[in-house]
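Asks: Sharing a structure with you now.
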Amino acid sequence: MIAAMTTQVYAALVTIVVVYFILLGAIFLMRAAMVGTEDKYAAKGKVYKVRGFYFWGLCVVLTVGLFWTLRFLPYEEFQQKPGEIVTVVGMQWAWKMGIGSTDVKPKDFTGANQITLPVDTPITFQVTSEDVNHNFSIYNDRGVLLAQTQAMPGYRNDLQYRFREKGDYPILCLEYCGAPHTIMTGKIHVE
Amino acid sequence: MSNKTREPMKPLDAEEFRKQRRLMVTWGVTLLVLFPLLIGLGLFMRLNQGELVHLQPNTFYAIMTLHGLGMAGLLFSFALGGLHFLVGTRFARTSVKVGYFVFIGVVVGVIGLVVATLIGGFAAGWYLLYPLPFKGTSWPEWSSGLTFISLLILGVVWLVGCVHIVRALSLEYGGFFQLMGWRYLGNKEPEEELPPIALISVVSLVPGILAFLAGAVFLIMFLFQLFEPSLEFNPLMMKNILFFFGHTLVNITIYCAVGWVYTLFPEFTGRAWKLTKVTVIAWNATFLFILFAYFHHLYMDFAQPISIQYAGQLASYMSAVPATAVTIFGVIAQLYHSKIKWGVIPLSFFLGAVGWAIGGIAAVVDSTIAVNKVLHNTLWVPAHFHTYMLMGVVLFILGFLYYLTAPQSGKEGGPKAGWAFWTFVTGSYGFLLMFYLGGMNSIPRRFAEYSTMGISSSHEIGALLARLAVFFVVLVLLGIITMGISIFIRLMRWVVTDATSTESSA
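Just so you know, the sequences run in chain order A and B.
Okay, so the first sequence: first residue is 1 according to our numbering, each after it adds one.
Okay, so the second sequence: first residue is 192 according to our numbering, each after it adds one.
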């Protein structure tokens, strides 16, 4: 169950827990602000004492958070040797995909908006665009966003993903690229 | 407490104050009229996504463009206008003429944007990501040109407005390093105090000045390209310039508003809120974080050097330290056992700080690269910045407008928060929750409709959340229009009351 939890769920859980404490703290403070039994220096002293703990606690949390999360970056330096390479070119308003790397100019590249790829293989998508900025995004059929990278004209972004399950994976464009933006879809069949 | 209290600025005479007040009221009325209209545009977007109305895609994106540009521009313009008034009536003389120059420039810019989007159909999104405005467009060239010129006008008048306030403060309190509070960094206490609003204004407005210069550069490049279509600029460089401009503009809006919270909140708690070495260090750090935080917009551009990606996460994480450990704890220290009366003014400021903190945690989560790779460009992004703006900046603005026009303030806390206020707050959090749930469910942002996604569950969830959001936006509108009418009447009363000294502003 835990292993099946997506990054989105972890992110939401962290947010919910912190927001819960913020709201709890806010309610406590609103009540505590309505009484005035201490002089202001004593009250401030108490708050600043808590602040000292908070400051060091926050520094520890942020440092641990940095070191922990910076191990899961999507960039080339963190990628494995690819088992398969796929060229992806975004254009207004379709995706062109084809097996293998290419030296052909994006405009001249011919590919299809559907492709079949092997399961459990590290696949590197070499993504670019022939016109404006797009965003190559891989979803699963349950609507969970799995991976993405920008498709920028003049640049190649290498995105790596390993499909763990067989099935169909919809491709969407997540960078607004003109009025028909939402119809810029594709599909990856994994078998 | 060996600090000498600095000689305050020579108070304005009644006529000078009346002029500043008229300018402030002009800003207030402009905000009260435009803000609900711009919410109305957002309502149309959610209605379309909820499949309750059907807009043509280009109409949807033209509305989206105007909503984004309009809200970012209006809220920053008002924050700048608020600082102009507060600084000008209490801390350092600001020119009413310059204030009107900024106001008229903003009005001209806004009219240009309205014409370009609603009549011309310009729909490149609020950040005009290069080279989108020039390729595959469904709108005429003139509307692109009008948008660039209107934004250039806005950028120039904001630049003038920022430079003017910084200059006024520096004439009163010394140069850049004096205004950055460096006198507090030594072992001895400074001989002269610096009001927090002076430091916060400079920390917000100097990055603003740099951002507007950058904005002017890219808009001039856009105009060149419009007249000479064969030109080509580097898209990654353009994206960096663009987000330095756009992110900074939105980011400093809340800091400008925090400036007046530092100034006005103590009147309700009876506790001075002075600068110390810790607050000065914190705000100096914030200055740097404002400049570098925009890097987090480019995490999904893998071609950006990885060191910049690391710096983006570091700057975004670290910005949480001064914001919470100093400002949020500053608010706590102001309030704890202060015997405050929770009138609408301190309540707005306090809930604004809470909204800032909630938007902040959502931002820190999304600024984590490992998380951003599955949240970027989903509804989580508008969720976090709408939290900042709606439950942060707008609450600070409401508190400020009530403060200006409340017959009594100080320990009384101003008028009681009525049903309109609570309807607004409830509606806002409900509306935001729909965005957060959308982000958590990978619903993309900037999608006019969800039926084309080819994923039935996303289509159903996206449309359902949009329909629920419509209900909450109606509550937001109900609350804000009711409060707006009440504040408008107060502004009209305030503008004709006797003004014998600066104190009349309270």
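Backbone N, C-alpha and C define an ideal beta-carbon position, used for all residues, glycine too.
Nothing here was measured: the structure is a model prediction, and the numbers come from that model.
Along chain A, in chain order, which residues have C-beta atoms closer than 8 Å to that of E458(B)?
Replies: Going along chain A, no residue has its Cβ under 8 Å from E458(B), so there is no contact; the nearest lies around 14 Å.
Asks: Shorter than 7 Å from the beta carbon of R462(B) to some beta carbon of chain A?
Replies: Answer yes: the Cβ-Cβ gap between R462(B) and chain A drops below 7 Å somewhere.
Asks: Contact criterion: CB-CB distance below 7 Å. Does P324(B) meet it with respect to chain A?
Replies: Judged by the 7 Å Cβ criterion, P324(B) is not in contact with chain A.
Asks: Determine whether the Cβ of D492(B) lies closer than 7 Å to any Cβ atom of chain A.
Replies: Yes, because at least one Cβ of chain A sits closer than 7 Å to the Cβ of D492(B).
Asks: When the Cα atoms are used, what is the spatial distance from L222(B) to A33(A)?
Replies: Rounded to whole angstroms, L222(B) to A33(A) spans 31 Å at the Cα level.
Asks: Check whether the Cβ atoms of T444(B) and V584(B) sit closer than 7 Å, and answer yes or no.
Replies: In contact: T444(B) and V584(B) (Cβ atoms closer than 7 Å).
Asks: Return the residue from the list I671(B), G630(B), F615(B) that minimises the CA-CA distance to I652(B).
Replies: Among I671(B), G630(B), F615(B), the Cα nearest to that of I652(B) belongs to G630(B).
Asks: Counting contacts by CB-CB distance shorter than 7 Å, is N475(B) in contact with chain A?
Replies: Taking Cβ atoms only, chain A never reaches closer than 7 Å to N475(B), which makes this a no.
Asks: Could you check what DSSP says for T6(A) in three-state terms: helix, strand or coil?
Replies: Reduced to three states, the DSSP call for T6(A) is coil.
Asks: Can you name the residues of chain A whose CB is closer than 7 Å to the CB of A548(B)?
Replies: Residues of chain A passing the Cβ test: I22.
Asks: May I have the straight-line CA-CA distance separating M91(A) from T182(A), to the nearest angstrom?
Replies: The alpha-carbon atoms of M91(A) and T182(A) are separated by roughly 13 Å.
Asks: Please state the DSSP three-state secondary structure of C177(A).
Replies: The answer is coil: DSSP assigns C177(A) none of H, G, I, E or B.
Asks: Got a sec: is the Cβ-Cβ distance from G36(A) to anything in chain B below 7 Å?
Replies: Interface residue, yes.
Asks: Is the CB of P106(A) under 7 Å away from at least one CB in chain B?
Replies: Taking Cβ atoms only, chain B never reaches closer than 7 Å to P106(A), which makes this a no.
Asks: Determine the chain A residues that contact L427(B) at a beta-carbon separation under 7 Å, and present them in chain order.
Replies: Here the neighbours are M152, Y155.
Asks: Quick one: give me the first and last residue of the beta strand (DSSP E) that A94(A) is part of.
Replies: Segment 94-99, the beta strand (DSSP E) holding A94(A).
Asks: On the DSSP bridge list, what partners appear for G618(B)?
Replies: For G618(B), which the question treats as bridged, DSSP gives no partner whatsoever.
Asks: Below 7 Å between beta carbons: does that hold for V216(B) and V686(B)?
Replies: Their beta carbons are under 7 Å apart, which means V216(B) touches V686(B) by this criterion.
Asks: For the pair the stretch 157-171 of chain A and the stretch 104-112 of chain A, tell me if three or more CB-CB distances fall below 8 Å.
Replies: Touching, no, given that fewer than three Cβ pairs across the two stretches are closer than 8 Å.
Asks: Check M91(A) in the structure and name its three-state DSSP category.
Replies: Strand, per DSSP.
Asks: With DSSP as the reference, please indicate the residues paired to E208(A) in a beta bridge.
Replies: Nothing in the structure corresponds to residue 208(A), since chain A is present only between 1 and 191.
Asks: Which residues bound the alpha helix (DSSP H) around Y161(A)?
Replies: Not the alpha helix (DSSP H): Y161(A) falls in the beta strand (DSSP E), residues 157-162.
Asks: Between S335(B) and chain A, is the shortest Cβ-Cβ distance under 7 Å, so that the two count as touching?
Replies: Chain A, which has no Cβ nearer than 7 Å to the Cβ of S335(B), makes this no.
Asks: Could you tell me which of Q525(B), F622(B), A315(B) sits nearest to A463(B), measuring between CA atoms?
Replies: A463(B) has its Cα closest to that of Q525(B), out of Q525(B), F622(B), A315(B).
Asks: Give every residue of the same chain whose Cβ lies closer than 8 Å to the Cβ of S421(B), excluding the five residues on either side of it in the sequence, and list them in chain order.
Replies: Closer than 8 Å at the Cβ level, and outside the excluded window around S421(B), lies no residue.
Asks: How is E77(A) classed by DSSP in three states: helix, strand or coil?
Replies: DSSP places E77(A) in helix when its eight states are reduced to three.
Asks: Below 6 Å CB to CB, which residues in the same chain sit around P324(B) once its five sequence neighbours on both sides are set aside?
Replies: These residues qualify, in order along the chain: A315, S335.
Asks: Measuring alpha carbon to alpha carbon, tell me which of L266(B), S539(B), W610(B) ends up nearest W349(B).
Replies: The candidate whose alpha carbon is nearest that of W349(B) is L266(B).
Asks: Only counting runs of 4 or more residues, tell me where the alpha helix (DSSP H) segments fall wholly within the stretch 530-582 of chain B, in order along the chain.
Replies: Fully enclosed alpha helix (DSSP H) runs of 4 or longer: 535-557, 560-566, 571-579.
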